[in-house]
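Take a look at the structure below.
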Amino acid sequence: MKKQSGTVAVVMLTSAAIVSLIMIAIGVVESQSEGGSDELANLGMLGLIIAASAGAVVLAILGQKPGSNKADTDRIVEQLRQLQLAMERSAQHAALSDDARRVLNRAKERELLCRAIEEDIRSQDWAAAQVLVTELAQRFGYERDAEQFRMRIEMARAEGLDQEVNEAIQQLDHLIVQRRWDDAVAAADRIAAGFPVSPRVHGLRGRVATAKRQYKEELERRFLLAAQAERVEEAMEILKDLDHYLTEREAEPFREVARGVIGKARENLGAAFKLACQDRQWGIAISLGEQISREFPNSRMAQEVQDMLPSLRQRAGEHVGS
Numbered sequence: 002m003k004k005q006s007g008t009v010a011v012v013m014l015t016s017a018a019i020v021s022l023i024m025i026a027i028g029v030v031e032s033q034s035e036g037g038s039d040e041l042a043n044l045g046m047l048g049l050i051i052a053a054s055a056g057a058v059v060l061a062i063l064g065q066k067p068g069s070n071k072a073d074t075d076r077i078v079e080q081l082r083q084l085q086l087a088m089e090r091s092a093q094h095a096a097l098s099d100d101a102r103r104v105l106n107r108a109k110e111r112e113l114l115c116r117a118i119e120e121d122i123r124s125q126d127w128a129a130a131q132v133l134v135t136e137l138a139q140r141f142g143y144e145r146d147a148e149q150f151r152m153r154i155e156m157a158r159a160e161g162l163d164q165e166v167n168e169a170i171q172q173l174d175h176l177i178v179q180r181r182w183d184d185a186v187a188a189a190d191r192i193a194a195g196f197p198v199s200p201r202v203h204g205l206r207g208r209v210a211t212a213k214r215q216y217k218e219e220l221e222r223r224f225l226l227a228a229q230a231e232r233v234e235e236a237m238e239i240l241k242d243l244d245h246y247l248t249e250r251e252a253e254p255f256r257e258v259a260r261g262v263i264g265k266a267r268e269n270l271g272a273a274f275k276l277a278c279q280d281r282q283w284g285i286a287i288s289l290g291e292q293i294s295r296e297f298p299n300s301r302m303a304q305e306v307q308d309m310l311p312s313l314r315q316r317a318g319e320h321v322g323s
């Protein structure tokens, strides 16, 4: 019985090897023709290797001593029979034309193609995804699936674009808050050029110009309030900043206001200085005199005060000593 089983196995393996050799021969001929493929030859080589491997197993079984497990031998023979059937199916499949194989593999190829499209969408490779969607529609005829993928691509692309636009506009707003107007204008131009299809990038230059105008108006208001309250130092600091936003013609009225504020402040300090001297409050007089010299160094009053300060300091010292 063992000898008969071995003979059957040898016959099946020989048949499988012959089929593999036929596949190799056909594959070689096809690969040499224009547009041919070597797939069939590769399958034949695989079958030949399997047949040779199985043959080695059979020879090992035939070499077993009497009394070996008969169930193991029968199981191996059955596996070899299944291997032969698989090789025959592979040969039949390989012998089919490309179109016939495509029909048989249609569902599997569709699944693989859909997975590839999903991966491209996740990686935001829109161009590659569109190519595969076109392939899905034109080559396989899945128009409905292709249209659904197109909608998903457009939605995902729009979401990604919107996020990029948000980040760019946030950076622009940061420049506006820092009052880096030239950088903000350049950023607005870059955003408009980088996202031309987004309606949100239209008018970004105007956004910068509006923010600049509003800041200028805020400075003007703050200057006038400081001038009205006779806060000279604050008014002058604001005026220095305001000068960057005003033309010469626009700046002149504010400078006139500033001159009035400065003159009034100087007069008030001068009057307070004289009163302190009359009241012999030497410490207060010295403090006011130093303030006049510091804030109005080029004025006639400052020169007069500087001439008086040495004697005022002497009197203050005598007053403390007494």
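The sequence shown lines up with residues 2 to 323 when you count with our numbering. We treat Cβ as the ideally placed atom computed from N, Cα and C, and that holds for glycine. Owing to the predicted nature of the structure, the values given are computational and were not obtained by experimental measurement.
DSSP places Gly161 in the uninterrupted alpha helix (DSSP H) bounded by Glu144 to Val178.
Here Phe196 is near Val166, since their CB atoms are less than 8 Å apart. A straight-line Cα-Cα distance of about 8 Å links Gly271 and Ile293.
Put simply, the backbone Cα of Leu176 is about 31 Å away from that of Asp126. For the pair of segments examined, the segment 107 to 125 was found to touch the segment 139 to 146: the number of CB pairs separated by less than 8 Å reaches three. Annotation for Glu235: Ala227 place their beta carbon closer than 6 Å to its own, counting only its chain and skipping 5 residues before and after.
Shortest Cα-Cα distance from Gln172 to any of Asp190, Met156 and Ala157 involves Asp190. Here Ile19 is exposed: its Cβ has fewer than 16 other Cβ atoms, across all protein chains shown, within 10 Å.
Counting only the Cα atoms, Asp163 lies some 37 Å from Leu247.
Nearest in C-alpha terms to Ile122, of all of Thr211, Gly264, Arg158 and Arg107, is Arg158. In the structure shown, the three-state DSSP call for Val198 is coil. Setting aside the 5 residues that flank it on each side, Arg180 is surrounded in the same chain by Tyr216, each with a C-beta closer than 7 Å to its C-beta; the list follows chain order.
The beta carbon of Gly161 lies closer than 8 Å to those of Gln125 in the same chain, with the five residues before and after it left out. With a beta-carbon spacing of about 5 Å, Leu310 and Gly290 fall inside the 8 Å limit used to define contacts. If you check the CB distance, Ala286 and Cys278 come in under 8 Å.
The beta-carbon separation of Phe255 and Phe297, rounded to 19 Å, does not stay under the 8 Å limit for a contact.
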